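Residue numbers (UniProt numbering): 1 to 110.
Structure follows, in structure tokens:
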């Protein structure tokens, strides 16, 4: 099991792909992703046209998820907890981290 901490200012998905590449990780199970994001965008499928993505954005979220890295490309699915007990879930497209907002990614190489 390996840990990648995404805490430098920037997009967590881009950083995860870059760090995985630096470590020679091309395929892995993302067993757990936990932390917080300053802002994020998730996507889900359009119910009538499943080939179309529906994007939803939010800010200041607690984040939990899992997924995979295949051929060096992260595919992460999350639930983002928002103020007031609301939550959004879906495929994590972007997540802005930095300062107190970090994500810990626990992964197992395949």
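Every residue gets a Cβ at the ideal spot worked out from N, C-alpha and C, and that includes glycine. Note that the structure is predicted; figures quoted are calculated from it, not measured.
- Collapsing the DSSP output to three states places residue 57 in a strand.
- At the C-beta level, residue 6 and residue 12 come within 7 Å of one another.
- Where residue 3 is concerned, the enclosing beta strand (DSSP E) starts and stops at 2-6.
- With fewer than 16 other Cβ atoms from the protein chains shown falling within 10 Å of its own Cβ, residue 110 counts as exposed.
- As the crow flies, the alpha-carbon of residue 10 is around 32 Å from that of residue 47.
- In the DSSP annotation of this structure, residue 14 is not part of any beta strand (DSSP E); the continuous alpha helix (DSSP H) holding it starts and ends at 12-22.
- For the set 93, 58, 70 and 105, the Cα lying nearest the Cα of residue 83 is the one of 58.
- Excluding its 5 nearest sequence neighbours in each direction, residue 65 has C-beta neighbours in its own chain below 7 Å: 33, 76, 77, 78, 79 and 92, listed in chain order.
- Excluding residues up to 5 positions away in sequence, 59, 60, 96, 97, 98 and 101 lie with their Cβ nearer than 7 Å to the Cβ of residue 38 in the same chain.
- In the DSSP secondary-structure assignment, residue 79 is bridged to 64 and 89.
- Nearest in C-alpha terms to residue 14, of all of 49, 87 and 40, is 40.
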